[in-house]
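Undergrad: So the protein lines, in turn, are chains A and B.
Under this note's numbering, residues 1 to 336 are what the first sequence spells out, in order.
Under this note's numbering, residues 1001 to 1336 are what the second sequence spells out, in order.
Even for Gly, the Cβ is constructed at its ideal location relative to N, Cα and C.
All values derive from a computational prediction rather than experimental measurement.
Number of protein chains: 2
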Amino acid sequence: MHPQYYEAGDTLLQSGTVLPGVRLAYAVHGTLNAARDNGIVYPSHYAGTHDDNAWNIGPGRALDPEKYCIIVPNLLGNGVSTSPSCPPPGMASMDFPAVTMLDNIRLQHRLVTEVLGITRLALVTGHSMGAQQAFHWGALYPDMVERIAPFCGSARTSRHNFLFLEGIKAALTADAAWAGGHYAAPPVTGLRAFARVYAGWAWSQAWFRERLDMQVLGLPSLEAFLTHAWEPHFLSKDANDLLAMLSTWQGADISANTHYDGDFHQALAAIKAKAIVMPCRTDLYFPPEDSEIEVARMPDAELRIIPSIWGHMAGGGLNPADATFIDTALIDLLAR
Amino acid sequence: MHPQYYEAGDTLLQSGTVLPGVRLAYAVHGTLNAARDNGIVYPSHYAGTHDDNAWNIGPGRALDPEKYCIIVPNLLGNGVSTSPSCPPPGMASMDFPAVTMLDNIRLQHRLVTEVLGITRLALVTGHSMGAQQAFHWGALYPDMVERIAPFCGSARTSRHNFLFLEGIKAALTADAAWAGGHYAAPPVTGLRAFARVYAGWAWSQAWFRERLDMQVLGLPSLEAFLTHAWEPHFLSKDANDLLAMLSTWQGADISANTHYDGDFHQALAAIKAKAIVMPCRTDLYFPPEDSEIEVARMPDAELRIIPSIWGHMAGGGLNPADATFIDTALIDLLAR
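(1) For chain B, find out if any of its Cβ atoms is closer than 8 Å to the Cβ of residue 189 of chain A; answer yes or no.
(2) Since residue 260 of chain A sits in a beta bridge, which residues does DSSP pair it with?
(3) For chain B, check one thing: does any of its Cβ atoms lie closer than 8 Å to the Cβ of residue 209 of chain A?
(4) Considering residue 241 of chain A, what are the terminal residues of the alpha helix (DSSP H) in which it resides?
(5) Is residue 1158 of chain B close to chain A? Criterion is C-beta to C-beta, closer than 8 Å.
(6) Hey, which unbroken runs of the beta strand (DSSP E) at 3 residues or more fall wholly within the segment 1129-1159 of chain B?
(7) Could you tell me which chain A residues have their CB closer than 8 Å to the CB of residue 1175 of chain B, listed as they occur along the chain?
(8) Going by DSSP in three states, residue 1320 of chain B sits in which element: helix, strand or coil?
(9) Residue 289 of chain A lies in the beta strand (DSSP E); which residues open and close that run?
(10) Tell me, to the nearest whole angstrom, how far the beta carbon of residue 1167 of chain B is from that of residue 1177 of chain B; I am working on the premise that it is less than 8 Å.
(11) At what residues does the beta strand (DSSP E) containing residue 1039 of chain B begin and finish?
(12) Can you tell me whether residue 55 of chain A is buried or exposed? The criterion is at least 16 other CB atoms within 10 Å of its CB, across all chains shown.
(13) Here's the rule I'm using: 16 or more other beta-carbon atoms within 10 Å means buried, otherwise exposed. How should residue 123 of chain A be labelled?
(14) Cα separation between residue 187 of chain A and residue 1050 of chain B?
(15) Along chain B, in chain order, which residues have C-beta atoms closer than 9 Å to that of residue 166 of chain A?
(16) Grouping DSSP H, G and I as helix and E and B as strand, with all else coil, what is residue 1076 of chain B?
(17) When we look at the beta-carbon of residue 1195 of chain B and count the other beta-carbons within 10 Å, is it buried (16 or more) or exposed?
(18) Mind checking whether residue 1265 of chain B and residue 205 of chain A have CB atoms under 8 Å apart?
(19) With DSSP as the reference, identify every bridge partner of residue 7 of chain A, one or two as the case may be.
(20) Name the chain B residues that come within less than 7 Å of residue 163 of chain A, Cβ to Cβ?
(21) According to DSSP, is residue 1 of chain A part of a helix, a strand, or is it coil?
(22) Rounded to whole angstroms, how far is the Cβ of residue 1080 of chain B from the Cβ of residue 1042 of chain B, which I believe are closer than 8 Å?
(23) Got a sec: is the Cβ-Cβ distance from residue 289 of chain A to anything in chain B below 8 Å?
(24) State the Cα-Cα distance for the pair residue 1048 of chain B and residue 1336 of chain B, rounded to the nearest angstrom.
(25) With respect to the beta strand (DSSP E) encompassing residue 1126 of chain B, which residues constitute its N-terminal and C-terminal limits?
(26) Can you tell me where the alpha helix (DSSP H) holding residue 1212 of chain B begins and where it ends?
(27) In or out: residue 18 of chain A buried (at least 16 other Cβ within 10 Å) or exposed?
(28) Could you give the first and the last residue of the continuous beta strand (DSSP E) run that contains residue 277 of chain A?
(29) List, in order along the chain, the chain B residues whose C-beta lies closer than 7 Å to that of residue 192 of chain A?
(30) Let's see if you can read the secondary structure: which residues bound the beta strand (DSSP E) around residue 302 of chain A?
(31) List the endpoints of the continuous alpha helix (DSSP H) containing residue 50 of chain A.
(32) Would you please state the rounded distance, in angstroms, between the beta carbons of residue 1280 of chain B and residue 1259 of chain B? I believe it to be under 8 Å.
(33) Counting Cβ pairs, one atom from each stretch, are 3 or more of them under 8 Å apart for the segment 1011-1028 of chain B and the segment 322-334 of chain A?
(34) Checking 8 Å against the spacing of the C-beta atoms, do residue 163 of chain A and residue 1208 of chain B come in under that value?
(35) Please state the DSSP three-state secondary structure of residue 1306 of chain B.
(36) 8 Å is my cut-off, CB to CB: does residue 1284 of chain B come that close to chain A?
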């Protein structure tokens, strides 16, 4: 689907830097009703675009475009919204400034309110960094968000998760061809290393024990899985885009702003939305223990653990059982 | 402690290659008794030497040198035994051949039998790759090994564990300074990347959630932990040594030999030794599920899971509670 573009103009970032000529790309499935109360925001995840959320939207599903107006904004840095790979005119890729979750959510809020004229959202949901955005919406606009359903993501990037991201970053930037971001041709060796390190984290130990990499994708070996499926996924991305989104991810924290001034518990307690929080039992970087801790501090949240060996990728839509689990939870939540 | 050297001479490897002038470095704690039945083998782990096992040996401990003769052989490739960094005369570092677990165990067997005159071992124990060596001793010399106590290790490297190792390998070799092994100066960027990727795997998510990196080591931040503790550990190692041991690890499998011809279940069933197998509950690359599967196929094995958030490093000796847990199990096993 071709996205639409919200030309947000020069935008003051949380860091104090102005990012000029910001474009927020977004897709819309369905239409707003007369009361404008059927809007759902479903932001993109790391290294994904609006298209990567399409599996979870359709007639008969919870996110039914015949009932809801589902808005899918693209993360800054993802290569579709303003990004290192498509920077503002006159800006070099490596000069792209650090962007926070708050910057993304404020921008999405402007789109939703100023452009689309929505004052209450029925739901914000998302996978991974999309889940983190759902938590941020809930904490930053508590009176506007009726429900949140974050899956395989947290309200704050844990220290271990941060470290996992340091690892993939170190693998990518170990390639001298990256050149501090000043590459002319893609740093292929670094992107391959990035992919190979990431592969160990994305699914669970049991997923590989059961050889689902071979069964699901029909590939003859682990090496084939890496070289024919996983590496091409990241080789198709821009290195500086990957690093920009990674920086946003590492800093994600619903309390890292002047509203909450670092008081994480206060920020969780401020989320008025009805919530179903869905970690996967075997997620290696968003483990269910973090969700359990967060849900305990949220006033109206249910913890519903995805019982899957798909690890973080339980939220990726490839496993029908997990997709159904998430869809069922969304149906339950939207009925509340 | 200065090691002793067993000059094993030209050695036919499992691959069919002859590794000339092999030296096996080993340390001995205690003395053999007259019956020569108090020998214990406690091999080194990945990127470790005989010195890294010393914490687990001492008067009053299970591995008491006043009662036992504890032999600590160094893995081929670890920089003390014959390795890429100390190759046979005339061999270049990058020409060091692939060495298997079988190659190591056969060499250790020659040391133990031909040099030390031992025909039965009271115990073989070890951490991580040391645990893998204990499993190999049990499967390859079932009539010679009375007991095995592998901790934080498996009888066969799992597919997920293999993938984790592919990741750290890719991070190291993404540095062009590695130059296919032909480096003159160490590939510092690659070694740092290797360390940063590895750091995410060595402890559990909970260990970082509890900030034990700061509490235990007295460091002010995660970044300080990486740059002042973890990176220097791997910067002190030789890159080709790390890759040689990694290759041995990836191929570890007690049935990958002519004795068992790939029949893993048969190899597990052949282990006559009394065994206590100790995975750590939160180990990310030797998870307890793999140990459970292996123990179920072993005739005389007990599964005793280390109840720790120290992950793989529960077997490293730094956490007193885990060290006591392991010591207690060794005392129990040696009393059987």
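TA: From the atom records:
(1) So yes, residue 189 of chain A belongs to the interface.
(2) Partner(s): none; residue 260 of chain A has no beta bridge.
(3) Residue-level contact by beta carbon holds for residue 209 of chain A and chain B, with a gap shorter than 8 Å.
(4) Counted as a single uninterrupted DSSP element, the alpha helix (DSSP H) harbouring residue 241 of chain A occupies residues 239-250.
(5) For residue 1158 of chain B, the nearest CB of chain A lies under 8 Å from its own CB, placing it at the interface with that chain.
(6) Taking 3 residues as the shortest admissible run, the segment 1129-1159 of chain B contains the following complete beta strand (DSSP E) segments, listed from N- to C-terminal end: 1147-1151.
(7) Around residue 1175 of chain B, the beta-carbon contacts reaching into chain A at under 8 Å are 174, 175, 176.
(8) Residue 1320 of chain B falls in the helix class under three-state DSSP.
(9) Following the DSSP letters along the chain, one finds residue 289 of chain A in no beta strand (DSSP E) but inside the alpha helix (DSSP H) bounded by residues 288-297.
(10) Wrong, their Cβ atoms sit about 19 Å apart, outside the cutoff.
(11) Its beta strand (DSSP E) spans residues 1039-1041.
(12) By the neighbour-count rule (16 or more Cβ atoms within 10 Å), residue 55 of chain A is not buried but exposed.
(13) In summary, residue 123 of chain A is buried, with 16 or more beta-carbon neighbours lying within 10 Å of its beta-carbon over all protein chains present.
(14) Rounded to the nearest whole angstrom, the C-alpha separation of residue 187 of chain A and residue 1050 of chain B is 40 Å.
(15) By Cβ distance, chain B contributes 1196, 1197, 1199, 1200, 1222, 1223, 1226.
(16) In the structure shown, residue 1076 of chain B falls within a coil segment according to DSSP collapsed to helix, strand and coil.
(17) Buried, since its Cβ has 16 or more Cβ neighbours within 10 Å.
(18) The answer is no: Cβ separation not under 8 Å.
(19) Looking at the DSSP assignment, residue 7 of chain A forms a beta bridge with A/23.
(20) Under the 7 Å cutoff, chain B gives 1199, 1200, 1208, 1222.
(21) The answer is coil: DSSP assigns residue 1 of chain A none of H, G, I, E or B.
(22) The C-beta separation of residue 1080 of chain B from residue 1042 of chain B comes to about 15 Å, leaving the pair out of contact by the 8 Å criterion.
(23) Closer than 8 Å to some Cβ of chain B, the Cβ of residue 289 of chain A qualifies, so yes.
(24) Computed Cα separation, rounded: 30 Å.
(25) Counting along the chain, the beta strand (DSSP E) containing residue 1126 of chain B begins and ends at 1123-1127.
(26) Taken as a continuous stretch (DSSP letters only), the alpha helix (DSSP H) holding residue 1212 of chain B covers 1212-1217.
(27) Per the 10 Å Cβ criterion, exposed.
(28) Residue range 274-277 is occupied by the beta strand (DSSP E) that includes residue 277 of chain A.
(29) Chain B residues near residue 192 of chain A: 1170.
(30) Per DSSP, the unbroken beta strand (DSSP E) holding residue 302 of chain A starts and ends at 301-303.
(31) In this chain, residue 50 of chain A is not harboured by any alpha helix (DSSP H), its DSSP state being neither H nor E.
(32) By a beta-carbon distance limit of 8 Å, residue 1280 of chain B does not contact residue 1259 of chain B. Their separation comes to about 29 Å.
(33) Too few Cβ pairs lie closer than 8 Å, so no.
(34) Yes.
(35) Of the three classes helix, strand and coil, the one that applies to residue 1306 of chain B here is strand, per DSSP.
(36) With a threshold of 8 Å between beta carbons, residue 1284 of chain B makes contact with chain A.
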